[in-house]
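Input: a single structure, listed below in structure tokens.
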Amino acid sequence: MPHHLPEALVTDRFLGCILGEAVGDALGLPFEGCEPERITEMFPTPETLSLHHFPIRNFRLGQYSDDTQMMRCVLDSLVAHRELNLDDVSHRLVKLWETDVIGAGDACSIAVANLRRGVSWQDSGAPKGQAGNGSTMRTAPLGLWYADEVPTLVEKTKQLSLMTHKDERSTAGAIVVSLAVTHLLAHDPKKRFNPKALVDLVVPYVQELNPHFAEEIAHFPKRLKEPHGQALREIRRAGQSTDKHTPWPGISGYVLPTILAVLDAFGRSPKDFRQSLWCILSYGGDVDTTGALTGVLSGTFNGLSAIPYEWVRQVHDNNQFGYDYLVRQAKELFQLKNSK
Ligand SMILES: [Mg+2]
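Residue numbers are given in our numbering: position 122 of the sequence shown equals residue 125, and the series is strictly consecutive.
Okay, here's the thing in structure tokens:
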């Protein structure tokens, strides 16, 4: 726990991390798979960004998807067990798939089918070669719970990612998210965000898993100085090293461009939640997941108080597990962490 910071600030950041994910997911969900141009026609400026109805099903405004649903499984499990209990998380994922998982990816669905057949979490993950972003979307609560215990955090994140993805690129992406949460949670609010410090923290762990991934991450601070359109082209190109997830308009569900795009959207306007969310949606493609992860980074850095209230109060999952629930669970996690 970052003890050098006021308790109220750290609490706000816990809440911002959890609610930020739900808000980013809900903003992006109606536009998943859309071309960047279609999204920027709808939202020409950050000020015009707003929640929209999910057109596939008749959900109330603010519905979030598998990203936040899976993150919630991890959050609830941490609160219940006060540690990462992988058997419990696997039961919660199976139950989620039996009820109403929204927009799940192939790898996670393969893994959950394996778990349901009794395969252990060590073996349930989709095979190498499937390097999607499905395990990055649920690791944020680990970055809160194992804050200031970096080696443990990395180990636990690897285990949680393995449950659905055997490919080390997916593991690398999950580690970037959980380490970024820990890093941003402890950030001194009087100082500017330093992208190089984040790179220095994550690159050694990513390097061990996939040197190409590490090289791309190391380039992220320089890319922030490039114009928006050029950054998008380069990030998309980074995604073309696999043919598994193309063609996608904008940012594909492949984990590498997902992570690069999220770092870029956050890093361009670290103090402005709305601007970062508008930027990531304007990159198009897998925008519920990229929105969710941008919401995690910006929400952790800026706290719940920096997220527009008209967005946070509307998030829900089939009229349940909305603002009140997520705030209660995030506060509980903070209290438990504080008394660890
Ligand atoms: Mg989703």
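The beta-carbon is built from N, C-alpha and C at its ideal position, and this holds for glycine as well. Predicted, not measured: the structure shown is a model, and the values here were computed from it.
Going by CA-CA distance only, name the one from the options that's closest to residue i.
{"i": "LEU22", "options": "TYR326, GLY65, LYS334, GLY256", "result": "TYR326"}
{"i": "VAL258", "options": "ARG239, ALA268, GLY270", "result": "ARG239"}
{"i": "MET166", "options": "ALA150, PRO154, SER138", "result": "SER138"}
{"i": "VAL13", "options": "GLY306, GLY256, LEU235, ILE113", "result": "GLY306"}
{"i": "LEU204", "options": "ALA221, LEU99, SER93", "result": "ALA221"}
{"i": "GLY128", "options": "THR174, THR155, GLU38", "result": "THR174"}
{"i": "LEU284", "options": "ARG16, PHE46, ALA83", "result": "PHE46"}
{"i": "ASN213", "options": "ILE178, LEU300, ALA83", "result": "ILE178"}
{"i": "TYR67", "options": "ARG41, GLU171, ILE105, SER301", "result": "ILE105"}
{"i": "PRO273", "options": "PHE223, PRO252, SER301", "result": "SER301"}
{"i": "ALA107", "options": "ARG119, ILE42, ASP69", "result": "ASP69"}
{"i": "ASP320", "options": "LEU8, GLY19, ARG63", "result": "ARG63"}
{"i": "ASP267", "options": "GLY256, TRP251, PHE223", "result": "PHE223"}
{"i": "GLY27", "options": "GLU44, MET74, ALA11", "result": "MET74"}
{"i": "CYS282", "options": "THR292, VAL299, ALA264", "result": "ALA264"}
{"i": "VAL157", "options": "VAL206, ASN197, TRP124, GLY135", "result": "VAL206"}
{"i": "TYR349", "options": "GLY146, ALA25, GLU10, CYS76", "result": "This structure does not reach residue 349, given that the chain is present from 4 up to 343, and the question cannot be answered."}
{"i": "MET140", "options": "PHE216, GLY294, GLU237", "result": "GLY294"}
{"i": "PRO260", "options": "GLY65, ARG271, TYR286", "result": "TYR286"}
{"i": "GLN72", "options": "THR43, CYS111, ARG60", "result": "CYS111"}
{"i": "PRO39", "options": "TYR328, GLY176, LEU227, SER255", "result": "SER255"}
Less than 9 Å between the C-beta atoms of residue i and residue j, yes or no?
{"i": "THR344", "j": "SER164", "result": "The displayed coordinates of the chain run from 4 to 343. Any statement about residue 344 would go beyond what the structure contains."}
{"i": "LYS334", "j": "ARG85", "result": "no"}
{"i": "LEU280", "j": "LEU78", "result": "no"}
{"i": "ALA309", "j": "PHE276", "result": "yes"}
{"i": "LEU54", "j": "VAL290", "result": "no"}
{"i": "ASN341", "j": "MET4", "result": "yes"}
{"i": "LEU188", "j": "THR303", "result": "yes"}
{"i": "LEU296", "j": "ILE262", "result": "yes"}
{"i": "PRO130", "j": "ASP170", "result": "yes"}
{"i": "PRO33", "j": "PRO58", "result": "yes"}
{"i": "PRO192", "j": "LEU18", "result": "no"}
{"i": "GLY232", "j": "GLY288", "result": "no"}
{"i": "VAL299", "j": "CYS37", "result": "no"}
{"i": "GLY146", "j": "LEU182", "result": "yes"}
Going by DSSP, name the residue or residues bridged to residue i.
{"i": "TYR257", "result": "GLY135"}
{"i": "CYS37", "result": "GLY288"}
{"i": "HIS319", "result": "GLN66"}
{"i": "ALA129", "result": "HIS168"}
- Item | Any heavy atom of ligand 1 nearer than 5 Å to the CB - residues listed | SER68, ASP69, ASP70, GLY106, ASP291
- Would you check if there are 3 or more beta carbon pairs closer than 8 Å linking the segment 86-99 to the segment 148-163? yes
- Query: When the Cβ atoms of the segment 91-101 are set against those of the segment 112-130, are three or more pairs found closer than 8 Å?
  - Reply: yes
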